[in-house]
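Asker: Take a look at the following structure, please.
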Amino acid sequence: MAYEENEARAALADPAAAGVAGGDALPGHNNVFAHVETWIFDLDNTLYSHEAGLWPQVDTQITLYMCELFGLDAMSARALQKYYYHRYGTTLRGLMAEHAVDPQAFLDFAHDIDYSAVVRDERLRRAVANLPGRRFVFTNGSRAHAGAVVGRLGIADLFEDLFDIVDAAFVPKPEAVTYARFIERHGIDPTRAAMFEDLSANLAVPHGLGMQTVLVLPATPDPHREAHEQGRSAEAHIGHQTTDLAAFLHCAAGGASQLSDTRPIYDVLQRTDGVRQR
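Here the sequence shown stands for residues 3 to 280, numbered as in our numbering.
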């Protein structure tokens, strides 16, 4: 109970610091997540912070792969890498379509990185463990990469499955067919599910299927992403937003409703957001 009280009172004392705001899951009697029985999480920059520095390593590995495959200099290889990414959704899909590249060899090379900056997160573990129902990781990366990350975070045992790009037949999010494959494989009712993502585009299909959608924003500026990808969104398919996933999950699971002062917390969250956005 001490953990739950500390989390809720932290939001009351400083909602901006906790990353919880109007449009987020709010503690109280009208919890919009009360019906949710399936919790779906993207991996990179969602379950862990960009500050761990994993994605820049993967990005560099992909560039090196392109250099070796085509005999290009780094600048030319990177330009080709980004061309495939924007045309096909992932560099791998472009390489498979145009050069019949072995996908497993590519994934092994791309994720041959240093994971030591990802450390056990007890706060996140408690928040995920407290969620009622089933839990999944749904990533455009590989199963090995996802397994390494959730293992180091100390949350691997909390998920029913890790759905990766191989399971998706190498068709990445946000393609609708990939969500359909995921939902069919695990028998998920999307109207009783919630999805957490750091990329707004990847939440459009889930929203259309009836899921609660949550955009996870960086708590600190990410130098490897465009500024417009890091701010709060007004897009209709974004149901909720947060810069603190653990605090958000705690509220979504209704932990704060055990406290006697949940209504003041609700009011402060709503009011503070209006001030913070000016």
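Ideal Cβ positions, reconstructed from N, Cα and C, are used throughout, including at glycine. All values derive from a computational prediction rather than experimental measurement.
For Asn204 and Ala195, what's the separation of their Cα atoms in angstroms?
Answerer: As a working note, residue 204 is residue 202 in the sequence shown. As a working note, residue 195 is residue 193 in the sequence shown. About 15 Å.
Asker: Express the C-alpha separation of His252 and Leu28 in angstroms, rounding to a whole number.
Answerer: Position 26 of the sequence shown, counting from 1, holds the residue named residue 28. Position 250 of the sequence shown, counting from 1, holds the residue named residue 252. At Leu28, the pLDDT of 42 sits below 50, so the modelled position is not reliable; the number obtained from the coordinates is stated separately. Each residue's alpha carbon lies about 10 Å from the other.
Asker: When the Cα atoms are used, what is the spatial distance from Pro174 to Gly91?
Answerer: In the sequence shown, residue 174 corresponds to position 172, counting from 1. In the sequence shown, residue 91 corresponds to position 89, counting from 1. Cα to Cα, Pro174 sits roughly 6 Å from Gly91.
Asker: With a CB to CB cut of under 8 Å and the five nearest residues on each side skipped, what residues in its chain are close to Asn32?
Answerer: Against the sequence shown, residue 32 aligns to sequence position 30. For Asn32, the predicted model reports a pLDDT of 49, less than 50, meaning its position is unreliable; a value from the coordinates is still stated below. Excluding residues within five positions, none has a Cβ falling inside 8 Å.
Asker: Could you tell me the distance, in whole angstroms, from the CA atom of Ser78 to the CA atom of Ala102?
Answerer: Residue mapping note: residue 78 aligns to position 76 of the sequence shown, counting from 1. Residue mapping note: residue 102 aligns to position 100 of the sequence shown, counting from 1. The straight-line gap from Cα to Cα measures roughly 20 Å.
Asker: Assuming Gln214 and Val38 make a contact with CB atoms under 8 Å, what is their CB distance in whole Å?
Answerer: Taking the sequence shown and counting its residues from 1, one reaches residue 214 at position 212. Taking the sequence shown and counting its residues from 1, one reaches residue 38 at position 36. Sure, about 6 Å apart at Cβ, within 8 Å.
Asker: Following the continuous alpha helix (DSSP H) through Phe108, name the residue where it begins and the one where it ends.
Answerer: Translated into the one-based positions of the sequence shown, residue 108 becomes position 106. Taken as a continuous stretch (DSSP letters only), the alpha helix (DSSP H) holding Phe108 covers 105-112.
Asker: Please state whether the Cβ-Cβ distance between Val139 and Ala148 is less than 7 Å.
Answerer: Position 137 of the sequence shown, counted from the start, is the residue given in the question as residue 139. Position 146 of the sequence shown, counted from the start, is the residue given in the question as residue 148. Yes; because the gap between Cβ atoms is below 7 Å, this pair is in contact.
Asker: Pick helix, strand or coil for Glu162, following the three-state DSSP scheme.
Answerer: The residue you call residue 162 lines up with position 160 of the sequence shown. Three-state result, Glu162: coil.
Asker: Going residue by residue through the region 170-232, where are the continuous beta strand (DSSP E) segments of at least 3 residues, counting only ones entirely within it?
Answerer: The region 170-232 contains these whole beta strand (DSSP E) runs: 195-199, 214-218.
Asker: Look at Asp200 and Val216 and say whether their C-beta atoms are less than 7 Å apart.
Answerer: Reading the sequence shown from its first residue, position 198 is the one you call residue 200. Reading the sequence shown from its first residue, position 214 is the one you call residue 216. Result no, Cβ atoms of Asp200 and Val216 do not sit closer than 7 Å.
Asker: I think Phe161 touches Arg187, with their Cβ atoms under 8 Å apart; what is that distance to the nearest whole Å?
Answerer: Counting from 1 along the sequence shown, the entry for residue 161 is found at position 159. Counting from 1 along the sequence shown, the entry for residue 187 is found at position 185. Actually they do not touch by this definition, with Cβ atoms about 14 Å apart.
Asker: Tell me whether the region 115-132 and the region 93-101 touch, counting them as touching only if at least three CB pairs, one residue from each stretch, are closer than 8 Å.
Answerer: Segments in contact, no.
Asker: Give the DSSP-derived three-state secondary structure of Arg137 in the structure shown.
Answerer: The residue you call residue 137 lines up with position 135 of the sequence shown. Residue state, collapsed to three classes: strand.
Asker: Using a Cβ-Cβ cutoff of less than 6 Å, which residues in the same chain neighbour Ala255 once the five nearest sequence positions on both sides are dropped?
Answerer: Numbered from 1 along the sequence shown, position 253 holds the residue referred to as residue 255. Around Ala255: Asn132, Leu133.
Asker: Does DSSP put His37 in a helix, a strand or coil?
Answerer: Within the sequence shown, the letter at position 35 stands for residue 37. Correct three-state label for His37: coil.
Asker: Just verifying my parser: in three-state terms, what is the DSSP assignment at Thr48?
Answerer: Counting from one through the sequence shown, the residue named residue 48 turns up at place 46. Reduced to three states, the DSSP call for Thr48 is coil.
Asker: Leaving out five residues on either side along the sequence, give the residues of the same chain with a beta carbon under 7 Å from the beta carbon of Ala248.
Answerer: The residue you call residue 248 lines up with position 246 of the sequence shown. Arg125, Leu126, Ala129, listed in sequence order.
Asker: Assign Phe35 to buried or exposed, taking buried as 16 or more other Cβ atoms, counted over all protein chains shown, within 10 Å of its Cβ.
Answerer: Looking up residue 35 in the sequence shown gives position 33. Per the 10 Å Cβ criterion, buried.
Asker: Taking just the CA atoms, how far does Thr48 sit from Ser259?
Answerer: Translated into positions along the sequence shown, residue 259 becomes position 257. Translated into positions along the sequence shown, residue 48 becomes position 46. Any answer about Ser259 is weak, because its pLDDT of 40 lies below 50 and its placement is not dependable; what the coordinates show is given next. Answer to the nearest angstrom: the Cα atoms are 25 Å apart.
Asker: Taking Ala119 as the reference, give the member of Leu56, Val207, Gly212 with the closest Cα.
Answerer: In the sequence shown, residue 119 corresponds to position 117, counting from 1. When each option's Cα is compared against that of Ala119, the closest is Leu56.
Asker: Any idea what DSSP makes of Val168, helix, strand or coil?
Answerer: Within the sequence shown, numbered from 1, the residue matching residue 168 stands at position 166. In this structure, Val168 counts as coil in the three-state DSSP scheme.
Asker: Find out if the Cβ-Cβ distance for the pair Asp166, Arg183 is shorter than 7 Å.
Answerer: As a working mapping, residue 166 is identified with position 164 in the sequence shown. As a working mapping, residue 183 is identified with position 181 in the sequence shown. No; because the gap between Cβ atoms is not below 7 Å, this pair is not in contact.
Asker: If you compare alpha carbons, which of Ala229, Ile185, Pro220, Ala236 is closest to Leu211?
Answerer: Along the sequence shown, one-based indexing puts residue 211 at 209. Looking at the Cα atoms, Ile185 is the closest of the given residues.
Asker: Would a C-beta distance cut-off of 7 Å place Gly73 and Arg122 closer than the cut-off?
Answerer: Here residue 73 is taken as the residue at index 71 of the sequence shown, counted from 1. Here residue 122 is taken as the residue at index 120 of the sequence shown, counted from 1. Contact: no.
Asker: Going by C-alpha distance, which of Trp41, Thr40, Tyr50 is nearest Val151?
Answerer: For this step, residue 151 is matched to residue 149 along the sequence shown. The candidate whose alpha carbon is nearest that of Val151 is Tyr50.
Asker: Can you list the alpha helix (DSSP H) stretches of 4 or more residues lying completely in the region 55-98, in chain order?
Answerer: Counting only runs of 4 or more, we get 56-72, 76-90.
Asker: Return the residue from the list His239, Gly241, Ala221 that minimises the CA-CA distance to Gly233.
Answerer: Translated into the one-based positions of the sequence shown, residue 233 becomes position 231. Answer by Cα proximity: Ala221.
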